[in-house]
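Enquirer: Per my numbering, the sequence shown starts with residue 2, numbered consecutively.
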Amino acid sequence: MSPTSPIKVEKEDVSIEENAPQHRLDTRLDDEPIPELGTAEREYVERKLVRKLDTRVLPTIILIYIMNYIDPPNTRWMSPFERRLAQARLADDAGEADKDNDADSPLKGLWMALKDPKVLLFSIMTTAQILGISFVNFFPTLTATLNPNFSTTVALLLAAPPWIFATIICSVNAWHADRTGERYFHIAGWWWAAIAGFIIGLSTMNTAGRYVSMFLMASGHVGFAMTLVWVSNTIRGHLQARDAVYTLDLFLVILSYGKLF
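(1) So V155 is in the alpha helix (DSSP H); what residue range does that whole segment cover?
(2) With a threshold of 7 Å on Cβ separation, who are the neighbours of A145 within its own chain once the five nearest residues in sequence on each side are excluded?
(3) Taking the continuous alpha helix (DSSP H) assigned at M218, which residues delimit it?
(4) Of all the options I170, F186, P162, V223, which has the alpha carbon lying nearest to the alpha carbon of G133?
(5) Exposed or buried, I188, counting other C-beta atoms within 10 Å across all chains shown (16 or more means buried)?
(6) Work out the CA separation of S124 and W117 for me, nearest whole Å.
(7) Run the CB neighbour count on I131, radius 10 Å, all protein chains shown included, and call it buried at 16 or more, exposed below.
(8) Any idea what DSSP makes of M126, helix, strand or coil?
(9) Whole-angstrom Cβ separation of G221 and W176, contact assumed at under 8 Å?
(10) Would you call L1 buried or exposed, if buried means 16 or more other Cβ atoms sit within 10 Å of its Cβ?
(11) Could you work out which residue in F225, A195, V232, A226 is closest to S214 when comparing CA atoms only?
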């Protein structure tokens with residue numbers, strides 16, 4: 002082949018969603034036949050089903066694991082001595098020990114939690130945070146708008162650094178909050194950073210400025226990650242009540258993310 006010969010490029014990486022008849026997929030009736038195996042429409046429907054399983058089933062499994070992880074008296078991954086040490090550390094941090102009464106049922110704990118006004122505040126705070134960070138589900142779409150000439154691969158690669166940055170900041174922020182014992186500014190400070198990112202993203206079309214705003218927007222998750230820590234330091238006295246608050250907050254998280262899909 003001569004150096005001046007044109008190179009034939011086959012565009013095979015077009016997404017299945019672009020090939021599939023979107024208008025039919027969105028208006029499909031329950032009595033319509035299942036698409037044939039191997040077709041773009043069938044693969045799109047199957048991918049959509051897997052995506053729903055990922056966002057509905059996996060959070061439930063994770064919730065079960067977290068509830069076992071954050072309940073020191075019942076955790077199976079710690080020895081009896083480590084469990085007692087964890088309970089003593091929590092009591093030292095909060096200034097009082099938990100009242101663990103076998104006669105208290107989970108339903109009673111839920112009722113105690115619902116009567117606590119702090120639970121309502123935490124529920125509102127959790128819901129507001131989820132609404133504020135809901136852009137995460139469409140983040141690659143945001144990076145694709147930085148430049149119309151960006152390919153899908155470039156847009157996806159650009160979506161990674163903001164979250165790597167947020168992960169590092171989240172770890173440092175949690176470590177510093179534990180060292181200082183302070184919670185509010187370690188949570189709300191990152192909300193202000195996210196708000197600044199939203200303002201920058203809306204007020205400029207400069208590529209560099211908008212990309213910096215995405216780093217600030219992603220940092221909003223740092224405050225969200227600290228919410229459960231604040232709950233554990235605030236809701237004290239009864240294990241059942243605190244577990245009910247954890248469950249309620251995590252339920253709001255799963256419900257909010259589920260609605261986005």
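Glycine included, every Cβ here is placed at the ideal spot set by N, Cα and C.
Expert: On the basis of the coordinates in this document:
(1) 153 to 181
(2) F151, A156
(3) 208 to 219
(4) V223
(5) buried
(6) The residue you asked about is not Trp; residue 117 is Asp in the sequence shown. C-alpha separation (whole angstroms): 11 Å.
(7) buried
(8) helix
(9) Actually they do not touch by this definition, with Cβ atoms about 19 Å apart.
(10) Lying before the first or after the last residue shown, residue 1 is absent from the chain, which here runs from 2 to 262.
(11) A195
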